[in-house]
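All the letters of the sequence shown, read from the start, carry residue numbers -16 to -1, 1 to 579 under mature numbering (1 follows the signal peptide of the UniProt record, and there is no 0).
Step one of this worksheet: look at the structure below.
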Amino acid sequence: MLLVSVFFLLIPHAFSLNFSFDSFQQSDVNVNISVESVASVTQPFLYLVQSQRDQAQNNTQGRATYTQAMHLWDKTTRKLANFNTSFTFVINSQDRSFFADGMAFFLAPNGSKLPDSPKVEGGSIGLIIGGQETLLNSTDHPFVAVEFDIYTNHWDPPGTHVGVDINSIQSNATAPWFPNVPEGGKNEAFISYNASTYNLSISFSNGSDASKNVVWQHLHHIVDLRNYLPPFVSVGFSAATGVYFAIHQIQTWSFYSEELTNIVSPSPIPITSPKTGRNATSLAVGLGVGGLVIFVCGVVWLVLWKNKKKMEDDESNDDTSDDFERGTGPTKFSYSELASAANYFKDGQKLGQGGFGGVYKGFLKDSNSYVAIKRISKDSKQGKKEFASEVRIISQLRHRNLVQLIGWCHERKELLLVYEYMPHGSLDSHLFNKEQSLLTWSIRFKIAQGLASALLYLHEEWEQCVVHRDIKSSNIMLDSSFNAKLGDFGLARLVDHAKGAQTTALAGTMGYMAPECVTTGRASKETDVYSFGVVALEIVCGRKPIISKAPENEINIVKWAWDLYGSGRILEAVDSRCNIPNFRIWKFEILYGNL
């Protein structure tokens, strides 16, 4: 057993940090979250600075950190960890037009605390205590932070902004930011660090509510964190107020860091004392040899069991894997890698449910990026080999308005497909979900143009004609700049350019399918274009293609719009929430006239 113990002491110990708060509870304080100064938890939010109109908190600060340290870099290998974090937050001045000062996400040496001080500078954003000289050069209390600054000090750029701060509240890099502070608009932020390129990347929203358009902005800065921070750091948030004040509230927070392996030196093997008798020596040897035998037998059994399991899986996977691997492009992932990336497909990771299975948000450590992972349902009617063959071909498609297939996995009788992650989700969620941001007319027109460009490529510009057969608003994804990307090729078919429509089993979604497709089962470029027309009407009108409880002449969007067009009232079809400037009405008329 002594040898077995030594063996396990030699196993690398990994350090990573992974947590997620959908809300904050009082029970989290001092267990998961450490709070300082005026910071507190009032369910379900974490307050860095909390103020009411009758209880203003001028010149105050608050700080909250996660209680477990993060292993940022290894002292022996000097390897840096990739990490990413996302959070939603509110800064609310409660209709005041003057407010201060802002908040920050920070990394600081593990265990660092905010020193008590009779005077608090709001401009410090809770990161530093001291006079201006200390605020602008805090090498004694190092930190790296991303600030969300709502007050302009003399060292700041003009206006509210986001900045990267390194040992100073004078930012190394900044970008303008337009939060809705008087009304307390919700903001979102995504921060990631690429250890290979030293790129600290920040994406952030402007805090608009559901009645306004959310704009995403970006900032990045190259920084080798090893030059400023020790191997182990604390992560958290800070905020401060000065002459003016506002509520600073964290609503959700998730964090993930890469595992860093640190080889731990084995403990010295005990040396038998000369006074110990032969019986004790024999006992130690016997226990050591016995333990070694048990350990070896266990390893042999484990290897045999894994080989048997692998052979069983390989018999199931061979056909599909062969079809994928004959092609080029997408990466083959292991099931364990994707399951871990998607937090083992828990409901909290689910982005949506399609005809062939669920789609989950995942994070790939190697590429330090988010992805969308489609888990094909075992009840799917489509054959795996047929599906694999289609994906092999579709993976060769390259167009800015098509969702990119990144990789695949077929293990344990599971088929998983990995796509690029679209931060703004699907088009239908913005058109019909009141909680999502309202799409302006210019964005809607850009989406329609992007979809048209994707169809032109599929139908005419690639070497074979690809008939999608399921064009609908829920299959159109929106990237961070609201560019349209067509996805879900589960029903797609290849057609020679010289040939016309092909007869296939009826497929598609009612309301989007061309009438001739329903009656004949023939799919063609023309039936795809019909579906595009329905989506274009959805974009302009802001209504679903089928409303079963509407009056008979308004149930189907095409018939309803056609009747309005015939009576010269087509502009009544425009979404009343989307004001089209007079000089842009011609764009709407061109769009509708070509459907």
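Glycine included, each C-beta is placed from N, C-alpha and C at the ideal position.
Between P160 and G391, what straight-line distance do the alpha-carbon atoms span, to the nearest angstrom? On the sequence shown, residue 160 is found 176 positions in, with the first residue counted as 1. On the sequence shown, residue 391 is found 407 positions in, with the first residue counted as 1. Taking the straight line joining both Cα atoms gives about 36 Å.
Whole runs of the beta strand (DSSP E) within the stretch 173 to 236, excluding any shorter than 3 residues: 183 to 189, 200 to 206 and 216 to 224
Confirm, please, whether the CB-CB distance from A534 to L548 is below 8 Å. Your numbering for residue 548 matches position 564 in the sequence shown. Your numbering for residue 534 matches position 550 in the sequence shown. No. Outside cutoff.
Below 8 Å, can you find three or more Cβ-Cβ pairs linking the stretch 64 to 74 to the stretch 230 to 237? With the rule of 3 Cβ pairs closer than 8 Å, the stretch 64 to 74 counts as touching the stretch 230 to 237.
CB contact check: N68 to chain C, cutoff 8 Å: No chain C is present in this structure, which holds just one protein chain.
Once DSSP output is grouped into helix, strand and coil, what is the label at N263? Here residue 263 refers to the residue found at position 279 when the sequence shown is read from its first residue. Residue placement at N263 cannot be trusted, given a pLDDT of 49 that sits under 50; the coordinates are not used to answer.
Taking the DSSP output, what are the residues bridged to S70? Against the sequence shown, residue 70 aligns to sequence position 86. Paired residue(s): F174 and S238.
Can you check which of these residues, V450, S351 and P166, is closest to V402 by C-alpha distance? Taking the first residue of the sequence shown as position 1, residue 402 is located at position 418. Selected option, being the one with the closest Cα: S351.
Backbone CA spacing between R553 and L521 [nearest angstrom]: Indexing the sequence shown from 1 puts residue 553 at position 569. Indexing the sequence shown from 1 puts residue 521 at position 537. Approximately 15 Å between the Cα atoms of the pair.
Go through its chain and collect everything with a Cβ distance to D38's Cβ below 6 Å, but skip five positions before and after it. Working through the sequence shown from its first residue, we reach residue 38 at position 54. For D38, the predicted structure reports a pLDDT of 45, less than 50, and the residue's modelled location is therefore unreliable. A value from the coordinates is still provided. Once the five neighbours on either side are set aside, D38 has no close Cβ partner at all.
Classification of T181 by the beta-carbon crowding that lies within 10 angstroms, buried from 16 upward: Numbered from its first residue, the sequence shown carries residue 181 at position 197. Answer is exposed; the Cβ neighbour count stays below 16.
What residue range is occupied by the uninterrupted beta strand (DSSP E) comprising G341? Taking the first residue of the sequence shown as position 1, residue 341 is located at position 357. Start and end: G341 to L348.
Y319 - DSSP class collapsed to helix/strand/coil: Here residue 319 corresponds to residue number 335 of the sequence shown, with the count starting at 1. Helix.
Does the stretch 384 to 399 come into contact with the stretch 431 to 438, if we say contact requires no fewer than three beta-carbon pairs (one atom in each stretch) closer than 8 Å? yes
Which residue comes first and which comes last in the beta strand (DSSP E) that contains G147? On the sequence shown, residue 147 is found 163 positions in, with the first residue counted as 1. Its beta strand (DSSP E) spans residues H145 to I150.
Do E131 and S155 have their beta-carbon atoms positioned less than 8 Å apart in this structure? The residue labelled residue 155 in the question sits at position 171 within the sequence shown. The residue labelled residue 131 in the question sits at position 147 within the sequence shown. For S155 and E131, yes; Cβs fall inside 8 Å.
Local Cβ density within 10 Å of W57, reported as buried at 16 or more and exposed below that: Taking the sequence shown and counting its residues from 1, the one referred to as residue 57 is at position 73. Burial call: buried.
Per-residue DSSP class, three states only, for K334: Along the sequence shown, read from residue 1 onward, the residue named residue 334 stands at position 350. Note: K334 maps to strand in three-state DSSP.
C-beta contact flag for F89 and F5 at 8 Å: Residue numbering aside, residue 89 sits at position 105 when the sequence shown is read from its first letter. Residue numbering aside, residue 5 sits at position 21 when the sequence shown is read from its first letter. Against a cut-off of 8 Å, the Cβ pair of F5 and F89 comes out as no contact.
With DSSP run on the structure shown, which of helix, strand or coil describes L499? For this step, residue 499 is matched to residue 515 along the sequence shown. Checking the displayed sequence, the identity of residue 499 turns out to be Pro instead of Leu. DSSP places P499 in helix when its eight states are reduced to three.
In the DSSP assignment, find the alpha helix (DSSP H) that holds G434 and state where it starts and stops. Translated into the one-based positions of the sequence shown, residue 434 becomes position 450. Per DSSP, G434 belongs to the alpha helix (DSSP H) from W425 to L440.
Is the stretch 8 to 25 touching the stretch 205 to 213 in the sense that three or more CB pairs, one from each, lie closer than 8 Å? no
Helix, strand or coil for C393 per DSSP? On the sequence shown, residue 393 is found 409 positions in, with the first residue counted as 1. C393 sits in a strand when the DSSP states are folded into three classes.
Which of the three DSSP states, helix, strand or coil, is assigned to F516? For the purposes of this step, residue 516 is taken as residue 532 along the sequence shown, with counting starting at 1. DSSP places F516 in helix when its eight states are reduced to three.
Quick one: is L267 buried, meaning 16 or more other Cβ sit within 10 Å of its Cβ, or exposed? The residue you call residue 267 lines up with position 283 of the sequence shown. Note that L267 scores 48 on pLDDT, short of 50, meaning its location in the model is unreliable; the coordinates nonetheless yield the value given after this. That one is exposed.
Touching by the beta-carbon criterion (3+ pairs, under 8 Å), the stretch 18 to 30 and the stretch 129 to 143: no
For E447, name the three-state secondary structure that DSSP assigns. Locating residue 447 in the sequence shown gives position 463, where the first residue counts as 1. Coil, per DSSP.
Let me know the secondary structure DSSP gives I255 once reduced to three states. The sequence position of residue 255 within the sequence shown is 271, counting from 1. With a pLDDT of only 35 at I255, under 50, the local geometry of the prediction cannot be trusted, and the value read off the model is given with reservation. Three-state DSSP puts I255 in coil, outside helix and strand.
Rounded C-alpha distance that separates K358 from Q388: On the sequence shown, position 374 is the one that residue 358 refers to. On the sequence shown, position 404 is the one that residue 388 refers to. Going from the Cα of K358 to the Cα of Q388 covers about 13 Å.
If you count every other CB in all the chains shown that lies within 10 Å of the CB of S176, and 16 or more means buried, which is it? Sequence index remark: in the sequence shown, residue 176 carries index 192 (1-based). Buried.
In this structure, does DSSP put Q154 in helix, strand or coil? On the sequence shown, residue 154 is found 170 positions in, with the first residue counted as 1. It is coil, neither helix nor strand.
Please report how far the alpha carbon of P215 lies from the alpha carbon of F174, in whole angstroms. The residue you call residue 215 lines up with position 231 of the sequence shown. The residue you call residue 174 lines up with position 190 of the sequence shown. Straight-line Cα distance between these residues: approximately 23 Å.
Neighbour-count burial assignment, F82, 16 or more Cβ in a 10 Å radius: Looking up residue 82 in the sequence shown gives position 98. It is exposed - the Cβ of F82 has fewer than 16 other Cβ atoms within 10 Å.
Let me check understanding here. Comparing Cα to Cα, which of S551, I455 and Q333 lies closest to L470? Working through the sequence shown from its first residue, we reach residue 470 at position 486. Per the Cα distances, I455.
Name the DSSP beta bridge partners of L521, please? Locating residue 521 in the sequence shown gives position 537, counting from the first residue. Among the bridge pairs identified by DSSP, L521 is matched with none.
Taking 8 Å as the threshold (C-beta atoms), are S457 and V519 in contact? On the sequence shown, position 535 is the one that residue 519 refers to. On the sequence shown, position 473 is the one that residue 457 refers to. Result yes, Cβ atoms of V519 and S457 sit closer than 8 Å.
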